[in-house]
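Participant:
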Amino acid sequence: MRNYNPTQRILVTGGAGFLGSHLIDRLLARGDDVVCADNLFTGTKRNVEHLLGHPRFEFIRHDVTFPLYLEVDQIYNLACPASPIHYQHDPVQTTKTSVHGAINMLGLAKRLRAKIFQASTSEVYGDPTVHPQTEAYWGNVNPIGIRSCYDEGKRCAETLFFDYYRQHKLDIRVARIFNTYGPRMHPNDGRVVSNFIMQALQGQDITLYGSGQQTRSFCYVDDLIEGFIRFMDLPRGADGAPGFPGPINLGNPVEFTIRQLAELVIALTGSSSKMVFMPLPADDPLQRQPDISRARAYLNDWQPQVQLQQGLVKTIAYFDQLLSSS
Ligand code: NAD
Ligand code: UDP
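Under our numbering, the very last position in the sequence shown is 1399; numbers go up by exactly one each time.
#1: Once the 5 residues before and after T1138 are set aside, which same chain residues still bring their CB inside 8 angstroms of it?
#2: Going by the C-beta, is N1322 closer than 8 angstroms to any heavy atom of ligand 1?
#3: Comparing C-alpha positions only, which one of G1324, P1352, G1283 sits nearest to T1330?
#4: Can you tell which of Y1149, P1164, N1325, H1159 has the C-alpha that lies nearest to the C-alpha of L1251?
#5: Assuming P1407 and F1114 form a contact by the criterion Cβ under 8 angstroms, report the distance between their Cβ atoms to the nearest whole angstrom.
#6: I'd like the list of long-range same chain contacts for M1074, defined as Cβ closer than 7 angstroms, with 5 residues on each side in sequence excluded.
#7: Rounded C-beta distance between I1097 and D1146? I'm assuming under 8 angstroms.
#8: Which whole runs of the beta strand (DSSP E) in the region 1277-1328 are 3 residues long or more, in chain order?
#9: Ignoring anything shorter than 4 residues, give me the alpha helix (DSSP H) runs that lie fully in the region 1098-1185, in order along the chain.
#10: Terminal residues of the continuous beta strand (DSSP E) containing A1192?
#11: State the Cα-Cα distance for the pair T1202 and V1294, rounded to the nearest angstrom.
#12: Could you tell me the distance, in whole angstroms, from the CA atom of T1207 to the CA atom of R1249?
#13: Taking the alpha-carbon of V1119 as reference, which of Q1081, M1258, C1229 has the nearest alpha-carbon?
#14: Can you find at least 3 beta carbon pairs, one from the region 1148-1163 and one from the region 1210-1224, that sit closer than 8 angstroms?
#15: For Y1371 and I1321, what's the separation of their Cα atoms in angstroms?
#16: Going by other Cβ atoms of all chains shown within 10 Å of its Cβ, with 16 needed for buried, is S1398 buried or exposed?
#17: Excluding the five sequence neighbours on either side, which residues of its own chain have a C-beta within less than 6 angstroms of the C-beta of G1116, listed in chain order?
#18: If you measure between the beta carbons of L1396 and L1274, is that distance less than 9 angstroms?
#19: With C-beta atoms as the reference, is T1080 less than 9 angstroms away from G1104?
#20: Kindly give me the distance between the Cβ atoms of V1349 and T1288, rounded to whole angstroms, as I take these residues to be in contact under 8 angstroms.
#21: Going by beta-carbon coordinates alone, are F1234 and L1307 separated by less than 9 angstroms?
#22: For the beta strand (DSSP E) holding V1072, just list the boundary residues, first then last.
#23: Compute the Euclidean distance between the alpha carbons of P1128 and G1093, then round it to the nearest angstrom.
#24: Go through its chain and collect everything with a Cβ distance to S1345's Cβ below 8 angstroms, but skip five positions before and after it.
#25: According to DSSP, simplified to helix, strand and coil, what is M1074?
#26: How big is the Cα-Cα spacing for N1190 and I1245?
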């Protein structure tokens, strides 16, 4: 908190989404003024409805592929569909959102000399041949596959961020986010945690793609948001020079197979659902685990605190309530 100025005006793009809405809660709680810009493609007003009427909160329906003119001190650029079925729904728009969205938000940051955070992704590593993934690894990405609109869009956004950093001395923060879950995930977004929980709660078959032996490392949303804020609040360099730009991996390094996740969800929900096996989608990474040494070193020993079981219990309660209120 030593470097934190309590009167900041902060823009969060994609703020009505899963991660964005949790970030906004944290920023408002510490006294910031927050503008949420979202086109509601995958986000929903329900995620921020508890904030409508808050004196320091403002919602703007806006598509980041178009320029935005306002005055802020910091920008968190989260706008982009994140789940495979959503980003593959209109892949051209996904690339535009990542690339044009980055150009527009970087342009805004440059005019304002504002610090800007980019929600990048572990997908920049593709189907990794290095395990666990460190930030030094350049990745193994198919440039022409069905995941490419997202993976390459996010890679190009990183390029733009680092060019603005070098060319315009912009203060950037690039975080590579690994699979994160928690309340306010979209119930039908097809991501594995929401799918398994919704299936288990409704007594439907649990759909494992492939053998279920592929791995992911799941981070609870509160741990991730703590990492975002610590990263953004790193100070600028001497004489106002940019601070540490990243990239930094943010995620939970504890790795599970997808089958283990299914078993845990079944146990925690007490469901009678059965596991069924379906084809593995194209280019689905076989393993994924972040090396978080850099985050530990730069972010005051940041590391996830919430174990998968604890986080799942909270997420199950959220979806349970959603189902009973619908
Ligand atoms: P989400 O789909 O819940 O949120 C994304 C938000 O962006 C939504 O509210 C959506 O309406 C908005 N949006 C999409 N296109 C837009 C556009 N053109 N203009 C304005 N708003 C737009 O997803 P999330 O999980 O909250 O992800 C947030 C960010 O974090 C994304 O950039 C995603 O790529 C990144 N990320 C998330 C994860 C994860 O596990 N949740 C992992 C890696 C990276
Ligand atoms: N997955 C699965 N069943 C589902 C949804 C996903 O087995 O109902 C698998 C998917 O093939 C992938 C992993 O779970 O191997 C994580 O998928 P998700 O879409 O959540 O994220 P990503 O692939 O982007 O990490």
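Each residue gets a CB set at the ideal place from its N, CA and C atoms; glycine is no exception.
Facilitator: Reading from the atomic positions:
#1: Taken in chain order, the residues that qualify are Q1166, K1169, T1170, H1173, G1174, N1177.
#2: Answer for N1322: no, Cβ out of range of ligand 1.
#3: Cα-wise, what sits closest to T1330 is G1283.
#4: The sequence shown places Phe at residue 1251, not Leu. The shortest CA-to-CA distance from F1251 to any of Y1149, P1164, N1325, H1159 is the one to N1325.
#5: With the chain covering 1074 to 1399 only, the question about residue 1407 has no answer from this structure.
#6: Note on M1074: pLDDT 49, under 50, position unreliable in the model; the coordinate value appears next. Apart from the 5 residues on each side of it in sequence, M1074 has no Cβ closer than 7 angstroms to any other Cβ in its chain.
#7: Contact flag wrong, Cβ pair sits at about 15 angstroms.
#8: Secondary structure remark: continuous beta strand (DSSP E) runs of at least 3 residues inside the region 1277-1328, in chain order: 1279-1282, 1288-1290, 1321-1323.
#9: Those alpha helix (DSSP H) runs which fall completely within the region 1098-1185 and span 4+ residues are 1157-1160, 1164-1185.
#10: Looking at the DSSP string, the run of the beta strand (DSSP E) that includes A1192 is 1188-1194.
#11: Looking at the two C-alpha atoms, the distance is approximately 27 angstroms.
#12: Each residue's Cα considered, the two are about 10 angstroms apart.
#13: In the sequence as presented, Val is not what sits at residue 1119; that position holds Arg. Minimum Cα-Cα distance from R1119 among the listed residues Q1081, M1258, C1229 corresponds to M1258.
#14: Counting Cβ pairs under 8 angstroms, three or more are found: they touch.
#15: Each residue's Cα considered, the two are about 9 angstroms apart.
#16: Answer is exposed; the Cβ neighbour count stays below 16.
#17: Cβ neighbours of G1116 beyond the five flanking positions: A1089, G1090.
#18: Yes, they are a contact pair.
#19: For T1080 and G1104, yes; Cβs fall inside 9 angstroms.
#20: Not quite, the Cβ-Cβ distance comes to about 20 angstroms (not below 8 angstroms), so this is no contact.
#21: Taking 9 angstroms as the cut-off, the beta carbon of F1234 is found no closer than this to the beta carbon of L1307.
#22: Nothing about residue 1072 can be reported from this structure: the residues present for the chain run from 1074 to 1399 only.
#23: The straight-line gap separating the alpha-carbon atoms of P1128 and G1093 is approximately 18 angstroms.
#24: Only G1276 meet the Cβ criterion.
#25: Only weak support exists for where M1074 lies, its pLDDT of 49 falling under 50; the coordinates are left without a value.
#26: The question names Asn, but residue 1190 in the sequence shown is Phe. Rounded to the nearest angstrom, the two C-alpha atoms are 6 angstroms apart.
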